[in-house]
Amino acid sequence: FIVNKGHLGLAIGKNSVNLKKLKFVLKKNIDIIEYSDDVICFIKNIFHNYKVINVVIENNNATVIVEPKDKGKAIGKNGRNLRTAREIA
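Counting the sequence shown from 1 gives a position; the working numbering is that position plus 1373.
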């Protein structure tokens, strides 16, 4: 889910109560991402769980550079996280 800038805390809720309710109802893992008009900031928000070193945008393609220890997690099992990031961005 993508929420407006400044509403991330409200979407998650106190002690993550809103996030937990949504996970329970949908029976799926939920990602809540804060929107930003700045493309680089938005891409960093997509990868907020990982230490992003740099984002390079060339010819309508984005390259995200993360800490080496986070590389596998950022890619995800069978590239799941990368596919999700492509769909969002």
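Don't be surprised by glycine CBs; every beta carbon is placed ideally from N, CA and C.
Pull up the CB-CB distance for residue i and residue j, whole angstroms please, since I reckon it's below 8 Å.
i: I1406; j: I1375; result: 5 Å
Could you please give me the residues that DSSP links to residue i through a beta bridge?
i: T1436; result: V1429
i: I1406; result: I1375
Could you check which residue in the options has the C-alpha nearest to that of residue i?
i: I1426; options: N1451, C1414, L1392, A1458; result: C1414
i: N1377; options: N1434, K1424, V1439, D1410; result: D1410
i: G1379; options: Y1408, P1441, V1428; result: Y1408
i: H1421; options: N1434, V1439, K1393, N1433; result: V1439
i: N1433; options: R1459, K1401, V1398, S1389; result: R1459
i: Y1423; options: T1457, V1412, P1441, G1452; result: P1441
i: I1461; options: K1450, I1419, T1436; result: I1419
Given residue i, which residues of its chain have a CB within under 7 Å of its CB, disregarding the five upstream and five downstream residues?
i: N1391; result: A1384, I1385
i: L1395; result: I1403
i: K1417; result: V1425, V1428
i: K1494; result: As displayed, the chain neither begins before 1374 nor continues past 1462, which places residue 1494 out of reach and without an answer.
Only counting the same chain, and skipping five residues up and downstream in sequence, which positions put a Cβ closer than 8 Å to that of residue i?
i: I1448; result: N1454, L1455
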